[in-house]
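Reviewing the structure listed below.
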Amino acid sequence: MTVRLRAHHLLCLLTYVGKGYSPAFTANYDKVVKRLGEGVVIVSGPDDICAPLLDEPEAHCFGESAAERDGLAARDVGALLGRPIRAGDRLVLDASALAGMRKAFSAGLTRQACSGCEWSGLCDAVAASGFSDTYL
24 MTVRLRAHHL
34 LCLLTYVGKG
44 YSPAFTANYD
54 KVVKRLGEGV
64 VIVSGPDDIC
74 APLLDEPEAH
84 CFGESAAERD
94 GLAARDVGAL
104 LGRPIRAGDR
114 LVLDASALAG
124 MRKAFSAGLT
134 RQACSGCEWS
144 GLCDAVAASG
154 FSDTYL
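Counting in our numbering, the sequence shown runs from 24 upward without gaps.
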């Protein structure tokens, strides 16, 4: 079974260190990370990572800011990979792809989607540490 990811979660995965909105959210995120070898399909809107948040009133997963982050991340990751990233696209996040994405993330080349994100400070620290302690 393929993992469903929205575009900005391609960036979030790079710095995931087991922290999140709630224990249920992080437990789910841990499971999603372990499944990435199954392949990834890009989706528009909430994805497998968002699942534990979808029953919350006014879940940010449905908000305009999340959709804007998706657009920016798709543009930047697409430029990095040399091809457009759109809903329905399938990706393999192998070691080479992740290394290139992390290098670009550290250099700030794919960080426009992170502007204003509440997790940006944590992600900055994780990138500065060389992505140590990440789950992926």
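A virtual CB, placed ideally from N, CA and C, is assigned to each residue, including glycine.
These figures come from a predicted structure and were not determined experimentally.
Span separating the alpha-carbon of residue i from that of residue j
i    : j    : result
A110 : I65  : 5 Å
R113 : L121 : 15 Å
D156 : G131 : 20 Å
L145 : A136 : 15 Å
H31  : P69  : 11 Å
R92  : H83  : 12 Å
E81  : S88  : 13 Å
S138 : K42  : 19 Å
V115 : R58  : 12 Å
L76  : Y158 : 21 Å
D117 : E79  : 33 Å
D147 : V40  : 12 Å
D99  : G123 : 12 Å
Residue i, DSSP secondary structure in three states
i    : result
A40  : Sequence inspection shows Val at residue 40; the Ala mentioned does not correspond to that position. The answer is coil: DSSP assigns V40 none of H, G, I, E or B.
V26  : strand
V115 : coil
Whether residue i touches residue j by CB criterion (8 Å)
i    : j    : result
L34  : F154 : no
V56  : L28  : no
Y44  : I72  : no
A97  : I108 : yes
T133 : L103 : yes
Residue closest to residue i, alpha-carbon to alpha-carbon, out of the options
i    : options                 : result
S143 : M24, K57, L37 and R29   : L37
G60  : A74, D78, V26 and P75   : V26
R125 : A89, A151, P107 and R58 : A151
A47  : F85, D99 and A74        : A74
F17  : D99, S67 and L95        : Summary: the structure shown does not reach residue 17, with the chain confined to residues 24 through 159, and so no result is reported for it.
C140 : K54, L95 and S119       : L95
M24  : G101, R106 and K54      : K54
Cβ of residue i within 8 Å of any chain D Cβ
i    : result
P107 : No chain D appears in this structure, which consists of one protein chain only.
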